[in-house]
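In order, the protein sequences belong to chains A and B.
Here the first sequence is numbered in the working numbering, starting from 1 and rising by one per residue.
Here the second sequence is numbered in the working numbering, starting from 1 and rising by one per residue.
Only one structure is covered here, and it is reproduced in the block below.
There are 2 protein chains.
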Amino acid sequence: MDNQQIKGAGLKVTRPRAKVLSVLQGSRRRHLSAEDVYKELLINGEDVGLATVYRVLTQFEEAGLVCRRHFETGQSVFEINRGEHHDHLVCIRCNRVVEFADALIEERQRAIAAQHGFRIEDHALVIYGVCAGCAKE
Amino acid sequence: MDNQQIKGAGLKVTRPRAKVLSVLQGSRRRHLSAEDVYKELLINGEDVGLATVYRVLTQFEEAGLVCRRHFETGQSVFEINRGEHHDHLVCIRCNRVVEFADALIEERQRAIAAQHGFRIEDHALVIYGVCAGCAKE
DNA sequence: AACAAGATGCGAAAGCTTCCCACTCGTTCG
DNA sequence: CGAACGAGTGGGAAGCTTTCGCATCTTGTT
Numbered sequence: 001m002d003n004q005q006i007k008g009a010g011l012k013v014t015r016p017r018a019k020v021l022s023v024l025q026g027s028r029r030r031h032l033s034a035e036d037v038y039k040e041l042l043i044n045g046e047d048v049g050l051a052t053v054y055r056v057l058t059q060f061e062e063a064g065l066v067c068r069r070h071f072e073t074g075q076s077v078f079e080i081n082r083g084e085h086h087d088h089l090v091c092i093r094c095n096r097v098v099e100f101a102d103a104l105i106e107e108r109q110r111a112i113a114a115q116h117g118f119r120i121e122d123h124a125l126v127i128y129g130v131c132a133g134c135a136k137e
Numbered sequence: 001m002d003n004q005q006i007k008g009a010g011l012k013v014t015r016p017r018a019k020v021l022s023v024l025q026g027s028r029r030r031h032l033s034a035e036d037v038y039k040e041l042l043i044n045g046e047d048v049g050l051a052t053v054y055r056v057l058t059q060f061e062e063a064g065l066v067c068r069r070h071f072e073t074g075q076s077v078f079e080i081n082r083g084e085h086h087d088h089l090v091c092i093r094c095n096r097v098v099e100f101a102d103a104l105i106e107e108r109q110r111a112i113a114a115q116h117g118f119r120i121e122d123h124a125l126v127i128y129g130v131c132a133g134c135a136k137e
């Protein structure tokens, strides 16, 4: 049950938190901005504040429940963390996002970081391009 | 001479533009935010507006003279474009930036994009970690 | 030297995100 | 089960970076 995840993060199980989590889990799109989540909640008749959505998303991020991504759209997007690392292909026309994982790239990154004396904390690889659908038009 | 680069971009050679370019070229740090450039100009006694710095940097970016990078610091940073593509290692403690290029990673990216029907326009790989200096402390 | 197009600087405004604070709710303990 | 306390919330104000609008000033040209 969702609530266990919230409890596990040391957070009280409140209505806003449960609802934010369920929006993230139930949405067809995997990547939602805070605004997206907020609007979805309003549509569902929930009476939450945008500030709360931001707060909750930040707490979820700290708890490892969600990941925050910074694509070049000017706003952060959030997705539930399924544990498996992956990177993103983003269509600059329609904003479609495709996820991928590549062991070889990960491997090279570790090598490069080591070579420069860095201990990796995180990394973000985003490929921007035009997807097949948009290329046709 | 610098002015040729500005002219080549189809821009008038004005004092602010020449100065912004020279700050970018003369700075020891390779990655500067708009604010950094602005402050540097003020220190040098130049009377420019911050809006102009932003405008000029954007024009330089469009002209291919500089590249804009979006690290996760909340503000964009700019560096002069030396033509050779590269990616970045950023220290999350001291913000030190190390550049690197890896043919194997580039190669894999092309393969992955092709595989998903994307035509690559651009990409950004940033590895966040702790550099050797900061790890010691 | 004069002119038109283009640049600039300033302040105002936009967009995203966080802060503040009085009020409300969830949890714990009696 | 209910009271009490600390945590959480909503709404608006405020913060930051970046952009816009416009009157004024420059550049490059004739």
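Cβ coordinates follow ideal geometry from the N, Cα and C atoms, glycine included.
For clarity, every value in this text was computed on a predicted model and none was experimentally measured.
Query: Taking only runs of the beta strand (DSSP E) that begin and end inside the stretch 67-99 of chain A, which ones reach a length of at least 3 residues, in chain order?; Result: 77-80 and 87-91
Query: Give a yes or no on whether 8 angstroms exceeds the smallest Cβ distance from Leu89/A to chain B.; Result: yes
Query: Once DSSP output is grouped into helix, strand and coil, what is the label at Arg110/A?; Result: helix
Query: If Val53/A and Val37/A are in contact, beta carbons under 8 angstroms, what's the gap, nearest whole angstrom?; Result: 5 angstroms
Query: Please report how far the alpha carbon of Val98/A lies from the alpha carbon of Tyr128/A, in whole angstroms.; Result: 11 angstroms
Query: Does DSSP classify Arg119/B as helix, strand or coil?; Result: strand
Query: Taking 8 angstroms as the cut-off, decide whether the C-beta atoms of Leu57/B and Asn81/B are in contact.; Result: no
Query: Gly129/B bridges to which residues according to DSSP?; Result: Ile120/A and Cys91/B
Query: Below 7 angstroms on C-beta distance, what does Val126/A contact in chain B?; Result: His123 and Ala124
Query: One question on the structure: do Ile6/B and Arg17/B come within less than 8 angstroms of each other, judged by their Cβ atoms?; Result: yes
Query: Determine whether the Cβ of Glu72/B lies closer than 8 angstroms to any Cβ atom of chain A.; Result: yes
Query: Give the residues of chain B in contact with Gly64/A, contact being defined as C-beta atoms less than 7 angstroms apart.; Result: Correct list: empty, because the minimum Cβ distance to chain B is about 16 angstroms.
Query: Express the C-alpha separation of Ala34/A and Lys19/A in angstroms, rounding to a whole number.; Result: 13 angstroms
Query: Taking only runs of the alpha helix (DSSP H) that begin and end inside the stretch 1-32 of chain B, which ones reach a length of at least 4 residues, in chain order?; Result: 2-8 and 15-26
Query: Quick one: what's got a C-beta closer than 6 angstroms to Leu89/B's C-beta in the same chain, skipping five residues either side?; Result: Val98 and Ile127
Query: Among the residues of its own chain, which have a CB less than 8 angstroms from the CB of His86/A, if the five just before and after it don't count?; Result: Glu99, Phe100 and Ala101
Query: Which whole-angstrom value describes the C-beta separation of Glu79/A and Cys94/A, a residue pair presumed to lie in contact below a C-beta threshold of 8 angstroms?; Result: Incorrect: roughly 18 angstroms between the Cβ atoms, too far for contact.
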